[in-house]
Amino acid sequence: MKKSTIWLLALVMLSAFLALLFLQVRYMRTSMAIRSQQFDEQVTRSLYNVMKDLEQDQTRDYLEQDMIESENRYSQYNQPQGTQQITRERTTAAITNPDGSETRIALDITRQSTRPQEQPERVFLSPNQGASTISKTQYDMQQSLSKRYLHERSLLDEVIFKILNRASNAPIEERIDFNKVEQYIRYELSYNGLNEPFSFQIVDFNNKVVYSSPGFSTKYRDAIYNQILFPNDPPAKLNRLRAYFPTKRNYVYSELSFFIPSLIFTFILLITFIFTVVSLFRQKRLSEMKNDFINNMTHELKTPVSTISLASQMLKDESILKSPEVFKHVTGVIHDETKRLSFQVEKVLQMSLFDKQKTTLKMKEMDVNDLVVSVANTHVLKVEKLGGTLDIDLQAEHTTIKVDEMHFTNVLFNILDNALKYRKKDVAPELMIRTRNEGSKIIISIEDNGIGMKKEDAKKVFERFYRVPTGNRHDVKGFGLGLAYVKKIVTDVNGTIRAESEIGKGTKFIISLPVITQK
């Protein structure tokens, strides 16, 4: 699959995921806004009803108080003397409307009289559904009733004005019962479908808190609601009811209980998609590296095969057989190229190790210092041949490790071979192998003064087929498998390895292995 195709698929899928995520977030925000608005409307409606209830309570209380005062004031003059006589009769009355039409009502007339008659006779009128006519002789009664109605209404208005004036001048704490306010709020909230906890305050027209229930707070201003009490009072004397709902945000955010799992699954899908795309790119890069490996390997295998083929053809020439020196040279070339070909085949076999989940290792306990000395003695001749030095510094005291001898020896060989392979031109190589203990670990460091590499390359140098520099270069032989093999073997023996490098100053490989404690 081409990179452009992978990028196109990745872009389309990413756009789809982002669009899905955007729609989910937008729907979530809209739902929360609707729920918040619903909460506001329910609270506002409840507090308004509380205000109406308090107004009605106040009016009823003042009316009862006014009636009691009037009865107490005139009770001594209204006591009837003598024997009371009550008579009832049924009749009808007609009321003339402003447009000239008449409205007929049925009346029950109750007469109350006292003997001796020291007071005028009282007449009570009540409607009755049975009658529908009234005689002309009772027209005067109709007019009298109308005048009496207007008079009674003016008296009622006078009483109402008196109540309003008295109420507006009274302090708020005398006009309402705080316990009753709490009961009204709780009832109205429940009636409107809210059962959230609340606290409230009563604030007078001087903005002074007259009463505050436990738990009232101004921390979240969006959770505080205001309602004017007795709005018919003079503007300068308006009192307020403030209600605080500490769980408003929990109420609004309860919608998230559905969206959070949805978002989690969306993010899981997004992460899976990203992982898949990264894997595709890694596979693509691995495929390119394999092609690079095949190109290099083809060249590396073709050269010794061609040389051996040419040498074998020369051996067929009888004149060469007659010259011992030429014969020796030709057979030497065949031997060297055979070794070289065997080495290349070994590299290919090493690559097969990476396809296994776990390499079969023959683990045994070894002394790491002895192993380092053995490897150093093998390589010292190569280093001295190039005019360089190979030093060792064995500071480790606890040196027993459990590794596969052959594979771990190859690990050290590969690192030292790379140090010589990537040395500076016209500069003698200087190699240093150190061992030291660090806690329950033993540290093996191999340092050179070679060309070094970038930090980005140092992180990737243990990947298969990775070469510094990459490409089909043949001035430095290799296939990008050596350090990948090193990484795998060290990991399989429960160790770690990292590279520290700086261009122009050299490279340092640090291996950390667990120490076997002697019992």
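Residue numbering for the sequence shown follows the numbering used here, starting at 8 and increasing by one per position.
The beta-carbon is built from N, C-alpha and C at its ideal position, and this holds for glycine as well.
Please read all numbers here as calculations on a predicted model, not as lab measurements.
Of the listed residues the options, nearest to residue i (C-alpha basis)
| i | options | result |
| --- | --- | --- |
| G339 | A318, N56, E325 and V380 | A318 |
| V500 | N298, R228 and K448 | K448 |
| P238 | A230, I231 and R247 | R247 |
| V434 | D147, E391 and E332 | E391 |
| K462 | V50, T514 and L368 | T514 |
| T279 | F24, T12, K9 and K10 | F24 |
| T254 | I458, L348 and K226 | K226 |
| K432 | R443, N417 and G457 | G457 |
| I496 | N417, T305 and N425 | N417 |
| V352 | L30, T305 and N214 | T305 |
| S206 | S381, H386, S224 and F472 | S224 |
| E62 | N425, S381, P436 and I179 | I179 |
| D60 | L21, F265, V337 and R193 | R193 |
| R228 | N214, V216 and R256 | R256 |
| F46 | L201, D324 and L270 | L201 |
Cβ pair residue i, residue j closer than 7 Å
| i | j | result |
| --- | --- | --- |
| T406 | D374 | yes |
| S519 | T498 | no |
| Y198 | I209 | no |
| L401 | A383 | no |
| I231 | Y251 | yes |
| P311 | R347 | yes |
| L28 | T283 | no |
| E262 | R42 | yes |
| V475 | N421 | no |
| L490 | V468 | yes |
| N444 | E412 | no |
| E245 | F212 | According to the sequence provided, residue 245 is Leu. The question's Glu does not apply to it. Yes, the Cβ-Cβ distance between L245 and F212 is below 7 Å. |
| F516 | M296 | no |
| L287 | I13 | yes |
| P321 | I315 | According to the sequence shown, residue 321 is Met rather than Pro. Not a contact, by the Cβ cut-off of 7 Å. |
Residue environment, residue i, which counts as buried when at least 16 other CB atoms sit within 10 Å
| i | result |
| --- | --- |
| Q182 | Gln is not the amino acid found at residue 182; the sequence shown has Arg there. R182 is buried by the Cβ-count criterion. |
| L419 | buried |
| G394 | exposed |
| E48 | exposed |
| H342 | exposed |
| Y34 | exposed |
| T442 | buried |
| L196 | buried |
| N233 | exposed |
| V188 | buried |
| P134 | Note that P134 has pLDDT 48, beneath the 50 cutoff, so the model's placement of it is unreliable and no number is given. |
| A506 | buried |
| E344 | buried |
| V410 | buried |
| V19 | exposed |
| K512 | exposed |
| L54 | buried |
| R67 | exposed |
| R160 | exposed |
| F415 | buried |
| L488 | buried |
| A40 | exposed |
| N176 | exposed |
| S508 | buried |
| N298 | exposed |
Residue i - partner residues in DSSP beta bridges
| i | result |
| --- | --- |
| G513 | E509 |
| R443 | I450 |
| N246 | L236 |
| L401 | T442 |
| I504 | I518 |
| E325 | For E325, which the question treats as bridged, DSSP gives no partner whatsoever. |
| S219 | Q208 |
| D411 | M370 |
| Y251 | S206 and I231 |
| T396 | E437 |
Whole-number beta carbon distance between residue j and residue i, since they are thought to touch under 8 Å
| i | j | result |
| --- | --- | --- |
| M460 | I510 | 7 Å |
| L427 | I453 | L427 to I453, Cβ: 12 Å. No contact. |
| E203 | Y258 | 6 Å |
| V57 | Y191 | 4 Å |
| I451 | V379 | 7 Å |
C-beta neighbour in chain D for residue i, strict 7 Å
| i | result |
| --- | --- |
| A23 | In the structure shown, chain D cannot be found, because there is only a single protein chain. |
Contact test: residue i Cβ vs the ligand NAP heavy atom, cutoff 6 Å
| i | result |
| --- | --- |
| I449 | Absent from the structure shown: the ligand NAP. Ligands present: none. |
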